[in-house]
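Written below as structure tokens is the structure these notes are about.
Residue numbers (our numbering): 295 to 564.
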């Protein structure tokens with residue numbers, strides 16, 4: 295049994311590529327809550343930004359702080375933590391790694407799942423925020439309902455702000471550009487110069503949705519191949535292939551411009 299402050303859990307998940315371990319709380323009445331914790335990473339930003347959102351596919355916040363972690367009453371570490379609504383389900387990418395590359399019959403479900411993911415994303419953008427870190431593990435699918443939850447908003451920023459971090463494998467070109475420019479910045483003046491050169495907005499998230507779609511439908515990571523998705527999986531409809539390419543335009547000005555437009559485009563496939 296683990297104890298972190300007043301919270302108890304029996305086991306935890308180590309999540310490769312993430313800053314934190316994750317556990318579902320076990321005390322009576324708390325199964326709907328999960329806790330993320332890390333010895334080095336504060337969750338203040340995520341806890342703070344979640345106060346602006348109320349959407350069934352974005353987790354509610356409950357508590358955050360720093361406290362002692364014990365395993366079977368033996369002290370382990372001091373940990374930063376955040377307690378959030380627990381979304382039961384599966385990482386969308388892992389779901390299809392286990393299920394296999396979608397055939398023509400399964401592609402309809404993929405479209406349904408991505409369409410579900412656009413709901414919290416559209417809400418987030420309507421509030422003037424960009425998730426800025428959509429990647430495997432941040433889109434949680436409930437296979438029973440087809441609903442996709444959008445989690446881990448620790449790097450979320452207001453539209454037009456500086457990024458707080460980046461996952462290079464799932465970053466848009468503008469995120470990579472900003473990340474490189476910020477390496478040489480030492481003051482506020484330098485930050486303002488970067489903001490004049492690079493803009494982060496909703497199209498940044500749409501690029502990453504394109505990467506996720508590409509990977510789900512082909513079983514390949516986009517960075518590892520320049521092939522069109524339809525060349526890898528010929529079950530992909532031509533229209534869906536065009537949508538993916540429209541999301542993956544290098545210049546954000548050439549991309550599908552909004553979540554609303556993406557939803558319309560996806561609806562035209564089925």
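Glycine included, C-beta positions come from ideal geometry on N, C-alpha and C.
These figures come from a predicted structure and were not determined experimentally.
Compare the C-alpha of residue i against each of the options and name the closest.
i	options	result
residue 397	457, 529, 366 and 542	529
residue 632	460, 411 and 426	Residue 632 cannot be examined here, being either before or after the span of the chain that is shown, 295 to 564.
residue 596	383, 456 and 363	No answer is possible for residue 596: the residues shown for the chain start at 295 and end at 564.
residue 465	485, 544, 438 and 513	544
residue 355	367, 361, 326 and 370	326
residue 370	361, 378, 377 and 517	361
residue 377	328, 386 and 339	328
So, for residue i: in the same chain, excluding its five sequence neighbours on each side, which residues have a beta-carbon less than 6 Å away from its beta-carbon?
i	result
residue 349	414 and 417
residue 538	504, 507, 508 and 523
residue 459	449
residue 297	364
residue 383	434, 435 and 436
residue 311	Legend: pLDDT at residue 311 = 49, less than 50; position of this residue unreliable, no value from coordinates given.
Which same chain residues, not among the five before or five after residue i, have their C-beta less than 7 Å away from its C-beta?
i	result
residue 445	353, 381, 432 and 434
residue 404	396, 510 and 511
residue 341	355, 358 and 376
residue 421	346 and 347
residue 552	496
So residue i packs on residue j, CB below 8 Å; how close in whole Å?
i	j	result
residue 500	residue 549	6 Å
residue 534	residue 442	Actually they are not in contact, since the Cβ atoms of residue 534 and residue 442 sit about 17 Å apart, beyond 8 Å.
residue 473	residue 457	7 Å
residue 492	residue 468	5 Å
residue 319	residue 303	5 Å
**Prompt:** Quick one: complete alpha helix (DSSP H) runs, 4+ long, within the stretch 436-510?
**Reply:** Listed in chain order, the complete alpha helix (DSSP H) runs (minimum 4 residues) inside the stretch 436-510 are 467-476 and 482-491.
**Message:** To test your reading of the DSSP string, which unbroken beta strand (DSSP E) runs of 3 or more residues are found completely within the stretch 298-363?
**Reply:** 301-303, 315-318 and 327-332
**Three or more C-beta pairs below 8 Å linking the stretch 420-428 and the stretch 331-340** = no
**Item:** Continuous beta strand (DSSP E) assignments of at least 3 residues falling wholly in the stretch 361-422
**Value:** 368-379
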